[in-house]
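> Would you mind keeping the following structure in view while I ask a few things?
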């Protein structure tokens, strides 16, 4: 399976955030596509990101690395990267790796928009 990405800007009480909606698999083959999208967004001056992975069916360590790299990139600009995830098998990966302490994970994009 491939990875599809869509990007949009949404406004919330905490300001504008760029929402990246991912669907499919984020693995060693598709992770560079996500990395490139995150880099392009930050290079364009958008430092508050929401990555919606509710449509992601598989996430490996390469994908986790891309998300961590994206977080580091936005933090260099006092930005934020929040995740939207409701799938237990994906949430389990974040718990096992301890990344629930690194990322703020929300159930909906609306919840994520209400925080920075």
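Residue numbers (the working numbering): 381 to 496. We treat Cβ as the ideally placed atom computed from N, Cα and C, and that holds for glycine. It should be emphasised that the depicted structure is a prediction, and the values quoted were computed from it without experimental measurement.
Please name the residue, chosen from 405, 454 and 444, that lies closest to residue 425 on a Cα-to-Cα basis.
454
> Keeping to the same chain, check which residues put their C-beta closer than 8 Å to that of residue 494; ignore five residues upstream and five downstream.
392, 393 and 394
> Rounded to a whole number of angstroms, what is the C-alpha to C-alpha distance between residue 449 and residue 389?
Distance between the alpha carbons of residue 449 and residue 389: 21 Å.
> Buried or exposed for residue 478, please, with buried defined as at least 16 other CB atoms from any protein chain shown within 10 angstroms of its CB.
For residue 478, the number of other beta carbons within 10 angstroms of its own is below 16, and it is reported as exposed.
> Just verifying my parser: in three-state terms, what is the DSSP assignment at residue 445?
In the structure shown, residue 445 sits in a helix (DSSP, three-state: H, G or I).
> So, residue 432 versus residue 400, is the Cβ gap smaller than 8 Å?
yes
> Per DSSP, what kind of secondary structure is residue 369 in: helix, strand or coil?
With the chain covering 381 to 496 only, the question about residue 369 has no answer from this structure.
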